Each structure stands twice: as C-alpha cells, then as structure tokens.
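Notes follow the structure.
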Amino acid sequence: MSEPKPYLLEMRDICKSFFGVQVLHNMHFDLRAGEVHVLVGENGAGKSTLMKILSAAYQADSGHIFIDGQAVQFHHPAQARAAGISTIYQHFSQATHLSIAENLFLGNLPRNPLGMIDYRRLYQLARAALEAVGATVDPRLPVRRLGIGDRQLVEIAAALTRNARIIIMDEPTAALTDREVDRLFALVHQLKAQGVGIIYISHRLEELHHIADRVTVLRDGRSIGTQTIAEVEIDNLVRMMIGRDLQAFDAGAPEPDAFEVLRIEGFTRAGKYEDINFTLRRGEIVALTGLMGAGRTEVAEGIFGVTPPDSGAIYVRGQRVQINQPGDALRHDIGFLTEDRAATGLGMALNIRENMTLPYWAQGRDYIYGLLLNHRRERQLTDDYARSLNVRARNLSTAVKYLSGGNQQKVVLAKWLLARSSILIADEPTLGIDIGAKEEVHRLLIDFARQQGGAVLLISSDLPEALKLSDRILVMAHGRLVGELSRAEATEKRIMAFAFQVE
Amino acid sequence: MQQSDARPSRFAALTGPLSTLLSNQAVSLFFILLLLWLVLGAMSPVFFTVNNILQITLQGAVVALVAAGMTFVILSGGIDLSVGSIFAFSAMVTGIAMQSEFGLFGSIAAGLLAGTAVGFLNGFGVARLGLPAFIVTLGMMSIARGGALLLNNGTPIFGLVDGFNIIGQGRIADVIPVPTIIVLVVYLICWFVLRYTPFGRFTYAIGSNPEAARLAGVRVSLQVIGIYMLSGLLTAVAAMVEASRLNSTQPAGGDGLELNAIGAVVIGGTSLFGGEGSIFASLIGALIIATIRNGLTILGISAFWQNVATGAIIILAVYLDRLRRNRQGS
Ligand SMILES: Nc1ncnc2c1ncn2[C@@H]1O[C@H](COP(=O)(O)OP(=O)(O)OP(=O)(O)O)[C@@H](O)[C@H]1O
Ligand SMILES: [Mg+2]
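Residue numbers (this note's numbering), protein chains in the order written: chain A, 222 to 724; chain B, 1052 to 1381.
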C-alpha cells in the first residue's frame, strides 16, 4: 500500500541514556492523524521516556522528530506544546487550588481592556471547552475537588483548547473505574474523528481491542514490532513483551477452619461509610470492591488509623483494639499498602533499599545491639524482593525518583511484604505493573497468605485480579457493604450488579 | 544514604571507583576547596601555610558545628533560623552559671542543656503544634535573643572559669587547635548517626516524604523534636568554643550565624526540600565560607565586602546545584 500522506508524527533513531545506561536504542515510532497508536512493554522498557522526549520534558541524545514530514527540534516543553503536542499524565500537572477554568486557560487567560482577567468570558470559554469533552462540572470549582476521572477530562479539554494535534496518554485508565473508562474511550473515538493522533500507553491489554489501531511493543528500549489491531493476538503480544507465556495459576484455598485475625464491627464515618462489618481469617484473601468513590479506601484508612472512624470496633485475633494512628495499627500487626505511591508510598529522594525497609526498621526489628541498622540484613532482604519482583534499576542504591512508574510500584509492594505484618491491607497493589510482574505479585500475595499465615484485604478496581486472587469478595456502594460473594459465586457481572445498585 | 547513592554521578561516562569517588558530593566539593586554596595561595604567600590552614579550620569551627545540626534539620525538610540566638543564649547561661559557682563542667552542662531545651521548644512547635518551621524558629530567634539579653542586662560576661579557655584556645601537641578536633569528632559522630542509626535513617525518610514515613510507623513528632534538640545542642557546643576563644560570653553574639550555617549546608548540596544530602559536604561548605573570609582578610579586603562575597557564594552555589540537577533530570 502506498502512503496517502506523510505521517502526522515520525520519530527516528531516538537514543537516550541516563547516567551512562542506554534506555532507548534507535527507537522508531510513527503516528497518523486520526489514529490511536498504543505502546506496550514491560516496566522500565522506555515507554514514558520516549513520550517525554516527544513532549520535550527530556532531550534525546540523538535522533530526529518529524511533524507532517517537517523536521522539528524542541528544547523546551512549551515549544512542543505550541507545536500541538499535549500529554495527559497519570500524575496531574494541574494547579489544584486554582479553578478548573483557570487551569484550562492558564497562560492564556482572557483579559479585559484594563488588562485584568475577564472572568465572565473565562467561564464562558471554559464551559464550552468542558462541553466538548463531555464533562459536566462547574468550571468555577477548584481542581482539587474533582475525582481522578474528571481531572483527566479537564486535562484533555485543556489540550484541546491549545489545539493539540497529538495527545499522549500515559496509563490514563490505570486508576479509572469501568464507567470512567467507557467515557474516556468514547472521547478518544471522538478525538480520532476530529483527526487528532493519540499515543496511548497501557498495561491493560484487554483494552487494546476497544481503541487501538496499531500496537507497538517495546522491550529493553527497542521497538520489537508494530502490528495493526487486526493482527494483534494478546497471547502473542504478551510473549513479545515478556519473552515467555503467562503461567496457569492455582490460588489454592485457605484452611477451612482458620481462625479469625481481623473483625470490623459497625464502622461508621459520617459522609464516607456506614455500618461496615466484616471479618478476615488467617490465610485468606478478601477483596473489597466497588466503584471509585464507594468508600473502599476510606474504610481502609479507618482501619489503619489514618482517619479513624466516628464509631465502630476493631478486633485483632479476638482482642478488641484501639487504633488512633498508623503506629497503633502497625503495632497490632496491620500493614497498609496505599494506593497513591507518590503521595503516601515512597520517599522519592530515598533509594530503593531505604524505601523497602522503612516499615521494617520503624518497627524496631533486628537492630544490632538493639540500636543500629543492620545493613547486611537490609541488603539480603531487599535483594531477594528486588529479584523476585524484577525491579529494573541500575542498582538498589538508586533513588526511586529515577525508576519507571511500574518499578516504583514494585518497591511499594516489596516494602509491605517485607514489613511482615500478618494482616495486609493492599489498596490497588498492582497499579501500573506490567503483566509479567503482576503474575509474580499475585504469586507473592498468595504465598504470603497461604504459606506465611498472613491475611490480605485486597482493594482492587481490576476485577479479573480480584476474582483470581480472592476467597471472598465484598462489594461496597455508596459507603455501604451491599454484598458478599464466595469465590465460587463471584463473576464480574454479579459484582457489578451489586456495585451499581442504587438505594 | 550516601551522596553517591542519592545523586548519581555527573561523570557518568566514567565507571569504576574513580567515578564513585568523584560523584560523591563531599569529595567533589573538596576539590573546589583545594582549588580555592591554590588560587588564594598563588595570590598571597601567607595563605598556603600550615598555620593559616589550621587558622581556617579554627575560624570555620563555629559555623561547622552549627551547620552539622542544621544539616539534620534541613535533611528532615525543616529549617532552623534561631541558631544565632540559641548560640548567644546558651553562652550567656554558661557565663551566668560560672558566675554562680557552678564550676567548669556544671557551667558547660548548663549551657548545653539550655541550647537543647530551646531546640526542644522549636521541635515542639513544629511537630506538635504543626506550625511551619520557618515561623517557629523565626519567633524563637527573637525569643532566645531576648533571653540572652535579659540574662545579664544586655552586657557581656568577662573572666570565665580557669581551664575553660582550653576548649577554644588549646592546641593538641601545640599544633592542632582543639576546636578542629571537636569539629572532626562531631562530624564523625553525625556521619555515623546518619548512616547507622534509625534516627539518621528516619531523618532522611521524614525529609523525603513525611506522610509515607508516618504510614510506615515512624514516630514523626518525636523524631522531629529530637532533630531540633540536636540542632540546639550542637549550636550550644559551638557557643562554648566561641566563648572560650573570646574568654567572655556575648549576648549579641552569633549574629548572622543562621545565614552562614544554612549557607554551609546548601553549598554542601543538601536539598532544601529535604531527604537528600551528606554531612561531610556541610563541613566542606563551612570550610569554603571560612576560606573566603580568611582569604579576603589576607588580601586586605574590607570586612564589609566579605559579607557581600559570602552571600554571593551561597546564591551561586545553589544556582550551580540547580543547574546540575536539571541536567541530570534530562
Ligand atoms: N530521570 C531518569 N533518570 C534516570 N533513569 C531514568 C529516568 N527516567 C527513566 N529512567 C530509566 O529509564 C528506563 C525506562 O523508564 P520509563 O519510565 O520510560 O519506563 P516505562 O516503559 O514507562 O515503564 P512503566 O511501565 O513502569 O511506566 C527505566 O529503567 C528507568 O529506570
Ligand atoms: Mg511509564
């Protein structure tokens, strides 16, 4: 077939090294107008880096970028933006205390003849921009009041106000609920129809058939193949990504009469959740599911003492305990893997080892003479987990801010597995982790429960994951527990039926 | 924890031990210090003598001691503006104690305790009242200064107890000044604490992400209080050295000390955002400040210009550090 017109975007021979380690090797990538080109690959393969070069957040060591067949060179992100390239980051770049409208037109605010901001006009423009992406929010609200899905729409609206022709979406659906994902996909189709080219990065391979036109697989900084969606076969794609097949998986089952390690009774916090009751037994994995905003994270924060409930009781191994702050929960052998790794999971300036062992040392275990950090022990522990989770880094003394998103998430996981709390609350533990490493995480969680006598309360928006791992599934809606399903009963359909139920 | 870990090399193309060495912030700063010495040495024959170099370590001792505590504070994401006032206050407490027949050790202990106590109040304000460190220590800067002035009606105390002068004026084997030894010992201890104790580790952790530290079970408030107490204590140690050197205690002493101490820490490359930095780099930062003052004095340039130079160097150092980080980020 002949090319009807030049590519909207072409990247050729892109090379990039960090600290002497080459992470992109002569990468080629192209994009047509009105197309969704998906990038997949293992954590640390170089997907985000390639996109940051395109948006000029990073400078390539060598290589060329062409837009409409014209060579371009960006030295500053503003230049890339002016050329019509916009990025929707997973971690938003918005000024959260400013209003939605101000965020949309930041740097380009409408002014009245006196040079002051013309708010009437600003809100008008903002309303129109939001309408274009199907967002039904008041432009005067501060951005921080929005949920993650709406923020994303605002970012896309902002991209459109800048006349973006190329939109980069780096794992946009990682933290979205199904309904928000549907809304995003609808918008993507609409953008395609308008001739916008979209580069889409995701670890959720099941999404590909819904939106991709072409798929490129990255491995160790090299492109190892581009396929049209008609050619794509998921199993084959997985093999291209991780170099092997996924293994069949047996989750096993907890001992039938294992004792109860955690009991929650009458948990209530005004406006967040009400009258939550459930138990967790030794060796068990129980999923807490529901739509975003159903109150799952809030319940977890209540148990862990981040924001204690207004009323309710916690029993650990049959004993009533008082948990007013995280330190109390840890003393009662409860760990909490939080969902937002940047805000509450990692010290970005600390290195991998220091992050992994923080709860371990904070519990005062294993000090030499009861006083000093045991560096040898630290190395042993962290080496093991880094290996089994396949953490990609130059070495384990690398600050985590230099890791790819998925590798950062692996560090958070290792940190809580290492803490050896026998009750683990895991909030979206596999967020952003590639499909191969996810398998390993699942194996580690199962092992933690069945072999090491732990118990896991799993919060996951990823229903296939919840179904695969859990012995029981609790469903929350509007701050209440609305259903419980055993492994045998649970299907995605039945869970969603509970989750969507209205009062 | 080491600089070489937290901040990979700017000599990335090199590999092996040489690059590890050069990538160490303290080591590369040391080369800058040497360069400074060479340049000043070329400009004045007096400069590059053993005696003058020792003189610099002596002059740098006070700032170095305060900078050691300040390093902990800044690593934890805080700032301590009250060190100059704590310095005067603890010296005055020691002076009063000497006049009241507390004896040599009793008086020193009283001064150290006073500094630590003010540090405790700082820590309490930051950790328990949840106020910004900038505000708490700014207020304390005024409070402790007032305290220092009140203690003896704003007048210095002269004629301290016999034997006290060794701390600031003594020389080991008639060569190495005692303050130089104190500084080395303090820095070795601080290095050890940062590297090998939970207290040190948690200092970095809190500076890097206080909420993550709290959720990991670190007792953040206690730790923060401890950090400000340490800053107060080391400031008081510096005050003892100075009082001994002058054989008097001055209620107006330590003026501008916070600038020099914070300057030493940031010249050392410790991030004002917390979580990143190395203690020995602060020592070299303090020596760089002392070198510039000493060099300008030797070259006969007015003390007023020394202030200008010190301030300019601090800004320049932070700017260079920023450039370096940006380049690494991309
Ligand atoms: N600023 C940086 N400094 C040093 N190394 C970096 C930096 N950014 C990325 N890297 C390294 O480059 C490699 C590629 O990272 P990148 O973020 O592009 O991966 P990714 O494919 O997006 O992975 P993920 O699926 O986990 O998001 C990783 O090994 C990472 O450690
Ligand atoms: Mg990425």
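Think of the CB as a built atom: it goes at the ideal place given N, C-alpha and C, for glycine as much as any other residue.
Fair warning: this is a prediction, and the values are worked out from it, not measured in the lab.
In chain order, what are the residue ranges of uninterrupted alpha helix (DSSP H) at least 4 long that sit wholly in the stretch 1150-1174 of chain B? Positions of the alpha helix (DSSP H) runs, each at least 4 residues long and wholly inside the stretch 1150-1174 of chain B, are given as 1154-1174 in order along the chain.
Anything in the stretch 1256-1278 of chain B with a Cβ closer than 8 Å to a Cβ of chain A? List those residues in chain order, please. For chain A, the residues of the stretch 1256-1278 of chain B that bring a beta carbon within less than 8 Å of one of its beta carbons are ALA1256, GLY1258, SER1259, ASN1260, GLU1262, ALA1263, ALA1264, ARG1265, LEU1266, ALA1267, GLY1268, VAL1269, ARG1270, in chain order.
Please list the partners that THR510/A has in chain B, where partner means a Cβ-to-Cβ separation under 8 Å. Working through the first sequence from its first residue, we reach residue 510/A at position 289. None at all; the shortest Cβ gap to chain B is about 23 Å.
Are VAL691/A and LEU702/A close, meaning C-beta to C-beta below 9 Å? Sequence index remark: in the first sequence, residue 691/A carries index 470 (1-based). Sequence index remark: in the first sequence, residue 702/A carries index 481 (1-based). The sequence shown places Ser at residue 691/A, not Val. Contact annotation: SER691/A and LEU702/A have beta-carbon atoms that are not nearer than 9 Å.
With DSSP as the reference, please indicate the residues paired to TYR494/A in a beta bridge. In the first sequence, residue 494/A corresponds to position 273, counting from 1. Note: TYR494/A sits in a beta bridge opposite ARG490/A.
According to DSSP, simplified to helix, strand and coil, what is PRO1059/B? Here residue 1059/B refers to the residue found at position 8 of the second sequence. In this prediction, PRO1059/B scores a pLDDT of 38, lower than 50, which makes its location untrustworthy; no coordinate-derived value is stated.
Counting only runs of 3+ residues fully inside the stretch 447-490 of chain A, write out the beta strand (DSSP E) ranges in chain order. DSSP assignment within the stretch 447-490 of chain A yields the following whole beta strand (DSSP E) runs of 3 residues or more, N-terminal first: 481-490.
Check the DSSP bridge columns for LEU1297/B and list the partner residues they point to. For the purposes of this step, residue 1297/B is taken as the residue at position 246 of the second sequence. LEU1297/B is not bridged to any residue.
Measure how close the beta-carbons of ASP251/A and GLY284/A come, nearest whole angstrom, since I'm counting them as under 8 Å. Within the first sequence, residue 251/A is the residue found at index 30, counting from 1. Within the first sequence, residue 284/A is the residue found at index 63, counting from 1. No, ASP251/A and GLY284/A are not in contact; Cβ-Cβ is about 13 Å, not under 8 Å.
Please go through the same chain and pick out, in chain order, the residues whose beta-carbon is closer than 7 Å to the beta-carbon of ARG502/A, but skip the five residues on each side of it. For this step, residue 502/A is matched to residue 281 along the first sequence. Around ARG502/A: PRO475, ALA479, PHE480, GLU481, VAL482, ALA676.
In the stretch 511-583 of chain A, which residue ranges form an unbroken alpha helix (DSSP H) of at least 4 residues, counting only runs that do not cross its ends? Qualifying alpha helix (DSSP H) stretches, in chain order: 517-525, 547-552, 573-577, 579-583.
Would you check whether ligand 2 has a heavy atom nearer than 8 Å to the C-beta of ASP605/A? Within the first sequence, numbered from 1, the residue matching residue 605/A stands at position 384. The answer is no for ASP605/A.
Neighbourhood of THR1300/B by C-beta distance below 7 Å, restricted to the same chain and skipping five residues each side: The residue given as residue 1300/B occupies position 249 in the second sequence. Excluding sequence neighbours, THR1300/B sits near ALA1142, MET1143, THR1145, GLY1146, PRO1207, ILE1208, ALA1294.
Quick check: THR1122/B and LEU593/A, are their CB atoms within less than 9 Å of each other? Within the second sequence, numbered from 1, the residue matching residue 1122/B stands at position 71. Within the first sequence, numbered from 1, the residue matching residue 593/A stands at position 372. No, Cβ-Cβ distance for THR1122/B and LEU593/A is not below 9 Å.
So which of GLY255/A, HIS249/A, ALA304/A has the shortest CA-CA distance to ALA281/A? Reading the first sequence from its first residue, position 60 is the one you call residue 281/A. Put simply, of GLY255/A, HIS249/A, ALA304/A the residue whose alpha carbon is nearest the alpha carbon of ALA281/A is HIS249/A.
In chain order, what residues have a CB nearer than 7 Å to some heavy atom of ligand 2? If you measure from each CB to the nearest heavy atom of ligand 2, the residues under 7 Å come out as LYS268/A, SER269/A, ASP391/A, GLU392/A, ILE422/A, SER625/A, GLY626/A, GLY627/A.
Closer than 8 Å at the beta carbon, the chain B residues around GLU575/A: To locate residue 575/A, count along the first sequence from 1; it is residue 354. In chain order, MET1052, ARG1252, TYR1255, ALA1256 make up the part of chain B whose C-beta sits under 8 Å from the C-beta of GLU575/A.
As an exercise, report each continuous alpha helix (DSSP H) stretch of at least 4 residues that is fully enclosed by the stretch 270-347 of chain A, in chain order. Complete alpha helix (DSSP H) runs here, min 4: 298-303, 321-326.
Once you ignore the five residues that flank ALA407/A on each side, which residues in its own chain have a CB closer than 8 Å to its CB? What you label residue 407/A is simply residue 186 of the first sequence in a count that begins at 1. Excluding residues up to 5 positions away in sequence, GLY355 lie with their Cβ nearer than 8 Å to the Cβ of ALA407/A in the same chain.
So is MET337/A buried or exposed if we call it buried at 16+ other beta carbons inside 10 Å? To locate residue 337/A, count along the first sequence from 1; it is residue 116. Answer is exposed; the Cβ neighbour count stays below 16.
Give me, in chain order, the residues of the same chain whose beta-carbon lies closer than 7 Å to that of GLN300/A; leave out the 5 immediate sequence neighbours on both sides. Numbered from its first residue, the first sequence carries residue 300/A at position 79. Closer than 7 Å at the Cβ level, and outside the excluded window around GLN300/A, lie ALA277.
For chain A, find out if any of its Cβ atoms is closer than 9 Å to the Cβ of ARG1373/B; answer yes or no. Residue mapping note: residue 1373/B aligns to position 322 of the second sequence, counting from 1. Output row for ARG1373/B: interface = no.
Can you round the beta-carbon distance between THR1361/B and ILE1343/B to whole angstroms, since I take them to be within the 8 Å contact cut? Taking the second sequence and counting its residues from 1, the one referred to as residue 1361/B is at position 310. Taking the second sequence and counting its residues from 1, the one referred to as residue 1343/B is at position 292. With a Cβ gap of about 6 Å, THR1361/B and ILE1343/B count as contacting.
Straight-line CA distance for SER642/A to GLY556/A? Here residue 642/A refers to the residue found at position 421 when the first sequence is read from its first residue. Here residue 556/A refers to the residue found at position 335 when the first sequence is read from its first residue. Rounded to the nearest whole angstrom, the C-alpha separation of SER642/A and GLY556/A is 5 Å.
Compare the C-beta of PHE557/A against all C-beta atoms of chain E and say whether one is closer than 9 Å. Checking the listed chains, one finds no chain E in this structure; the protein chains it contains are A and B.
Using a C-beta to C-beta distance shorter than 8 Å, which residues of chain A count as neighbours of THR1248/B? Indexing the second sequence from 1 puts residue 1248/B at position 197. Chain A residues near THR1248/B: LEU592, LEU593, LEU594.
Using a Cβ-Cβ cut-off of 9 Å, state whether GLN546/A counts as contacting chain B. Taking the first residue of the first sequence as position 1, residue 546/A is located at position 325. So yes, GLN546/A belongs to the interface.
Which residues in the same chain as MET232/A place their Cβ atom closer than 6 Å to its Cβ, once the five residues preceding and following it in sequence are excluded? Within the first sequence, the letter at position 11 stands for residue 232/A. Same-chain partners within the cutoff: PHE250, ILE286.
Using the beta-carbon of each residue, which ones in chain B are nearer than 8 Å to MET569/A? Along the first sequence, read from residue 1 onward, the residue named residue 569/A stands at position 348. What MET569/A touches in chain B, judged by beta-carbon distance under 8 Å, is SER1259, ASN1260, GLY1326, going in chain order.
Using 10 angstroms around the beta-carbon of LEU571/A, count the other beta-carbons present and answer buried if the total reaches 16, otherwise exposed. As a first step, residue 571/A is located in the first sequence; it is residue number 350 there, counting from the start. LEU571/A should be labelled buried.
For ASN264/A, verify whether its CB is less than 8 Å away from any heavy atom of ligand 1. For the purposes of this step, residue 264/A is taken as the residue at position 43 of the first sequence. Remark: the shortest separation between the CB of ASN264/A and any heavy atom of ligand 1 falls under 8 Å.
Using alpha carbons as the reference points, say which of ASP1372/B, LEU1285/B, VAL1292/B, PRO1261/B lies closest to GLY568/A. Translated into the one-based positions of the first sequence, residue 568/A becomes position 347. Taking only the C-alpha atoms, the option nearest GLY568/A is PRO1261/B.
Measuring from the CB of ALA491/A, is there a heavy atom of ligand 1 at a distance below 8 Å? Your numbering for residue 491/A matches position 270 in the first sequence. Outside the cutoff, so no.
For PHE1185/B and ILE1257/B, which I take to be in contact (beta-carbon distance under 8 Å), what is that distance rounded to the nearest angstrom? As a working mapping, residue 1185/B is identified with position 134 in the second sequence. As a working mapping, residue 1257/B is identified with position 206 in the second sequence. Contact between PHE1185/B and ILE1257/B does not hold, since their C-beta atoms are separated by about 17 Å, which reaches or exceeds 8 Å.
Would you mind giving the Cβ-Cβ distance between ALA322/A and ALA347/A, rounded to the nearest angstrom? I have them listed as a contact below 8 Å. For the purposes of this step, residue 322/A is taken as residue 101 along the first sequence, with counting starting at 1. For the purposes of this step, residue 347/A is taken as residue 126 along the first sequence, with counting starting at 1. Confirmed, Cβ separation roughly 4 Å.
For a test of your reading of the model: does the CB of LYS659/A fall under 8 Å from any non-hydrogen atom of ligand 1? Yes or no. Along the first sequence, one-based indexing puts residue 659/A at 438. LYS659/A Cβ: outside cutoff for every heavy atom of ligand 1.
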